[in-house]
Amino acid sequence: MSPKLLLVVPCYNEQEILHQTNQKLNLYFDQLLEQNKIDSESKICYINDGSKDVTWTIIDEITKSNSRVLGIKLAKNFGHQNAVLAGLFSFIDQYDCYVSIDADLQDDINAIGEMVAKYSEGNSVVYGVREDRSSDTFFKKFTAELFYKIMDKLGVPVVFNHADFRLIDNKVLKEFANFKEYNMFIRGIIPTIGFPSDKVYYKRLEREAGESKYPFSKMLAFAWKGITSFSTVPMRMVLWFGIINFIISVIIGLFVLSSKLRGVAVSGWTSIVLPMAFFSGSNMIAIGLIGEYIGKIYEEVKGRPRYIIEKISGDDAHQNRNSGR
Ligand code: UDP
Ligand code: MG
């Protein structure tokens, strides 16, 4: 029997591309249906992540004319990761497998069929991996690949060149729902859940309309979130930095002391001011870094919902209207 698939598509200010995306996805679903690769009850779910444009109006209209489409309206902008979570967790136990994909379809939709095929072969997770990034600017490619390398070095379990285009089955989704952290970094969590997995390779295309919602500043914030949510290596580095600083200051102390004893102590100014500036600077870095982690702990301890659903349209049957906790 072919699996019942839910496609989860987060949308933030995507009015320029949504119609086009929806058309392509529906055509592709028809194709998969014809080839008997998916169940006829398979659906596409658009999550409006607090868009400021008419994205929700478009989604709502589509759900009314097309019974294959579902829409979730979040109460405000909760960010890409949380929008994906809202789409997944609202439909636990209702589908056999779930694929998340960006609304701009930069990820090749033809990989979805391959993902489903790998699922049918017994895989619970199928990662979409970018084969080449020739469509990305040099800067995006360079920073993104650097990101994966740093993450790997810091011990964060990410799959190289895999973003959030992946299939998970209902078993994995149910386990995933037990990860309650507020700072969710989905691509780091999925590999820690386990179960048989495989990869599908595809070429990343260019965004056809609208602009990237991930400017460099957001990418940096995302990378930092990924690192501090998963790795305490930076804190350990601070500790080592502190130890090295301490050794250096002992050496400087001895030097100053011996100058004093030898009666050549006038040297003064530079040897005082320089180490002072250096050590107070490094102290500040260390405190800031610890503050980052304490801030994370604070956010987690509060246990606030990761997203809030305002309404769901297109599916009046059974929905888990949980609020992301
Ligand atoms: N997105 C979202 N909430 C946000 C930012 C982005 O749901 O706050 C969605 C966006 O609509 C798109 C996906 O996340 O479907 C990826 O964004 P984008 O394509 O702009 O990122 P890029 O591909 O440039 O990294
Ligand atoms: Mg994109």
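Each residue of the sequence shown is one higher than the one before, starting from 149 at the first, in the numbering used here. Heads up, the beta-carbon is just placed ideally off N, CA and C, and yes, glycines get one too.
query	result
Residue range of the unbroken beta strand (DSSP E) whose run includes residue 459	457-461
Candidates 194, 153, 403 and 250: closest to residue 185 by CA position	153
Segment contact, 8 Å Cβ cut-off, at least three pairs: the segment 204-220 with the segment 434-443	no
C-beta atoms of residue 283 and residue 353 nearer than 7 Å	yes
Among 188, 331 and 253, the one whose alpha carbon lies nearest that of residue 452	331
Helix, strand or coil at residue 298 [DSSP, three-state]	helix
Short Cβ contact (7 Å threshold) for residue 308 with residue 296	yes
Close Cβ partners of residue 257 (< 6 Å) along its chain, the five nearest in sequence each way excluded	176
Alpha carbon of residue 466 to alpha carbon of residue 243, nearest angstrom	Here the model assigns residue 466 a pLDDT of 48, short of 50, so the residue's position is not dependable, and the following value carries that caveat. The straight-line gap from Cα to Cα measures roughly 12 Å.
Pairwise C-alpha distance: residue 188 and residue 361	33 Å
First and last residue of the uninterrupted alpha helix (DSSP H) at residue 339	334-341
Under 7 Å between C-beta atoms of residue 343 and residue 306	no
CB-CB length for residue 336 against residue 162, believed under 8 Å	The pair is not a contact, with the Cβ atoms about 25 Å apart (cut-off 8 Å).
Euclidean distance between Cα positions of residue 245 and residue 291	32 Å
Under the three-state DSSP convention, the category residue 410 falls into	helix
Run of the alpha helix (DSSP H) containing residue 364, from where it starts to where it stops	364-378
Residue environment, residue 326, which counts as buried when at least 16 other CB atoms sit within 10 Å	exposed
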